[in-house]
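Chemist:
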Amino acid sequence: MYTEKELLAMKKEVEDAKTSVSELKGQQTAVLNQLKNTYKCPSIEIADAEIGKARTKLANINKQIEEHSIILEENYNIE
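For the sequence shown, our numbering assigns the number 38 to the initial residue and increments by one for each residue that follows.
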């Protein structure tokens, strides 16, 4: 059996947890709205897919820059 003090402590923990959940839901809503409004992504999953595409494009661009740099160095004897 729990004492009154223990029950009150548990009640406070539950209330604090509810408050935290509400705050996190508010933050989640704000982030989702920012994704929609700023980046035109309706969901985190779509944003994640777009990030993957952007990383692939960036890797390809970096590869092209490296290849062209090597060609320039070879053609103009740049060290």
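Beta carbons are placed, not taken as given, at the ideal position from N, Cα and C, and that holds for glycine.
1. Run through DSSP, which three-state label would residue 76 get?
2. I'd like the span of the alpha helix (DSSP H) that includes residue 113, first residue to last.
3. Using only the heavy atoms of the ligand PLP, determine whether one of them is closer than 7 Å to the beta carbon of residue 62.
4. Is residue 47 helix, strand or coil by DSSP?
Modeler: If we stick to the structure as given:
1. In the sequence shown, the residue the question calls residue 76 occupies position 39. Note: residue 76 maps to helix in three-state DSSP.
2. One-based indexing of the sequence shown puts residue 113 at position 76. Segment 81-113, the alpha helix (DSSP H) holding residue 113.
3. Absent from the structure shown: the ligand PLP. Ligands present: none.
4. The residue given as residue 47 occupies position 10 in the sequence shown. Residue 47 falls in the helix class under three-state DSSP.
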